[in-house]
Amino acid sequence: MIIKIIILGSGGTIPTLTRNLPAVAMQCDGRLFLFDCGEGTQMQMARAKLSPGKLEGIYISHLHGDHVMGLPGLLMSMGHVPRERPLFIFGPPGLNDFVEGNRRSLGFQSQFPIKIHETMGGRLFHDDTIEIEAVPADHSCFILAFSLKEHERPGLFLVEEARRLDVPPGPLYGRLQAGEIVTLPDGREIRPEQVLGPARRGRKMVYATDTRPCDQVAELAYKADVLIHDGMFDDDIRDQARQKHHSTVVQAARIAKRAKVNKLILTHLSSRYHQAGPLLEQARRIFPSTRIARDLMEIKVPMYK
Ligand SMILES: [Zn+2]
Ligand SMILES: [Zn+2]
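Counting in my numbering, the sequence shown runs from 155 upward without gaps.
1) State the start and end residues of the unbroken alpha helix (DSSP H) segment that holds A410.
2) Candidates R258, L338, M230: which alpha carbon is nearest G207's?
3) Does ligand 2 have even one heavy atom less than 7 Å from the beta-carbon of D364?
4) For the beta strand (DSSP E) containing D384, name the first residue and the last one.
5) If you draw a straight line from the C-alpha of M457 to the C-alpha of N416, how long is it?
6) If you draw a straight line from the C-alpha of E193 to the C-alpha of G166, how long is it?
7) Say the cut is 7 Å; is the CB of H100 nearer than that to a heavy atom of ligand 1?
8) Ignoring anything shorter than 4 residues, give me the alpha helix (DSSP H) runs that lie fully in the region 214-301, in order along the chain.
9) Report, in whole angstroms, the separation of the C-beta atoms of I297 and D364, which I expect to be a contact under 8 Å.
10) Excluding five sequence neighbours on each side, which residues of the same chain lie with their C-beta closer than 7 Å to the C-beta of D388?
11) Could you check if H280 belongs to the surroundings of ligand 2, using beta carbon to heavy atom distance under 7 Å?
12) Tell me, to the nearest whole angstrom, how far the beta carbon of I223 is from that of S264; I am working on the premise that it is less than 8 Å.
13) In chain order, which alpha helix (DSSP H) runs of at least 4 residues are fully inside the region 337-373?
14) Do the region 285-295 and the region 352-372 touch if we need at least three Cβ pairs shorter than 8 Å?
15) Examine ligand 2 and report whether any of its heavy atoms sits within less than 7 Å of the Cβ of H234.
16) If you measure from the CB of H305, is any heavy atom of ligand 2 nearer than 7 Å?
17) Going by beta carbon distance, what residues of the same chain come within less than 6 Å of Q348, once the five residues before and after it are set aside?
18) Determine the direct distance from the alpha carbon of K358 to that of K377, and round the result to whole angstroms.
19) Give the secondary structure of R173 by DSSP, where H, G and I count as helix, E and B as strand, and everything else as coil.
20) Exposed or buried, G328, counting other C-beta atoms within 10 Å across all chains shown (16 or more means buried)?
21) Among L338, L302, R354, which has the Cα closest to the Cα of D281?
22) Identify, in the order they occur along the chain, each residue of the same chain with its Cβ nearer than 6 Å to the Cβ of P346, setting aside the five sequence neighbours on each side.
23) Look up G328 in the DSSP assignment and say whether it is helix, strand or coil.
24) In this structure, how does DSSP classify I419 when only helix, strand and coil are distinguished?
25) Grab me the residues of V336's own chain with a C-beta within less than 7 Å of its C-beta, minus the 5 sequence neighbours each way, in chain order.
26) Report the rounded CA-to-CA distance for D183 versus R396, giving the unit in angstroms.
27) Using the three-state DSSP reduction, which class does A179 fall into: helix, strand or coil?
28) Over what stretch of residues does the beta strand (DSSP E) that includes I440 continue unbroken?
29) In whole angstroms, what is the alpha-carbon distance linking M180 and R257?
30) Report the CB separation of R354 from E315 in whole angstroms; it is logged as a contact under 8 Å.
31) I'd like to confirm the pairing. Which residues does DSSP put opposite T444 in its beta bridges?
This is the structure we're talking about:
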């Protein structure tokens, strides 16, 4: 499976000419999952060549305007395009009022069902390849941080081993690779673990914005491949960050280090910063594998072999 993260909006609170309001897309092969939907998200999706028709679900962190104002516009546009399967929208209590209120006052319809799930956290989605989980983070209102996790995959098929055991090549290989116990024509039973290498780790991506540094996010992000974290302020104004319930880039870097993540992407940058260089320097002193999010930046997450 190809997993790609596309930053659609790397700013926060107020958009700038180079930083749109928060939204992050995660693409798993052809499927698309959207985290937050700041104003202008549908235009950013168009620029990134992401089709709203591929959306499986939208995950809203909290009900601050900079994270949800893109939702009415996106849903209105989607209403004009044929689609039958439902669109799932998850987020904190109050989300239903926001979407339904917009629908009522603007009078827009959609041909497909919009299923809104208000949640305080837990496992929100799973299928046979991935799962999406949410935990509360630490902001001025109730907020969720999200992880998208790929399930562990069976190990590589060891052809030499299969030959040694006289497993005839063909469909039996496929069934063993899929985890099935098979019976050979001569009556012997072969278990998958006899012909498979060790299970391969699944990838994990975490999105945690608008939060002070907190334990819940550090735990959710444990050994994540990519952590996208609030990095609204530089560390010289930690008091202000604390008052406003955000993180400094150094605090985010400490969370990344503690959670042993592979890569940290800082996002929700304050509009006051025209140059991100000094922020990056501060963060890299603590956690070298840090990048500052840019709009339309793509991060490919390589598969474990
Ligand atoms: Zn925000
Ligand atoms: Zn907020």
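Ideal Cβ positions, reconstructed from N, Cα and C, are used throughout, including at glycine.
This is what the structure holds:
1) Where A410 is concerned, the enclosing alpha helix (DSSP H) starts and stops at 403-412.
2) M230
3) yes
4) 380-384
5) 13 Å
6) 11 Å
7) An answer regarding residue 100 cannot be provided, because it is not within the stretch 155 to 459 covered by the chain.
8) As far as the region 214-301 is concerned, its whole alpha helix (DSSP H) runs of at least 4 residues are 219-222, 225-232, 249-260.
9) 6 Å
10) T402, V403, P432, L433, Q436
11) no
12) First, the residue type needs correcting, since residue 223 is Met and not Ile in the sequence shown. The beta carbons of M223 and S264 sit about 18 Å from each other, so the pair does not count as a contact at 8 Å.
13) 346-349
14) The region 285-295 is in contact with the region 352-372.
15) no
16) no
17) Shown here for Q348: not one same chain residue has a beta carbon closer than 6 Å to its own, the five before and five after excluded.
18) 8 Å
19) Note: R173 maps to coil in three-state DSSP.
20) In this structure G328 is exposed. Its beta-carbon is surrounded by fewer than 16 other beta-carbon atoms within 10 angstroms.
21) L302
22) L330, G333
23) helix
24) Secondary structure of I419 (DSSP, three-state): strand.
25) L326, R329, L330, I344
26) In this structure, the alpha-carbon of D183 lies about 38 Å from that of R396.
27) strand
28) Careful: I440 lies outside any beta strand (DSSP E), inside the alpha helix (DSSP H) at 431-440.
29) 26 Å
30) Not confirmed; about 17 Å, so no contact.
31) Beta-bridge pairing links T444 to L418.
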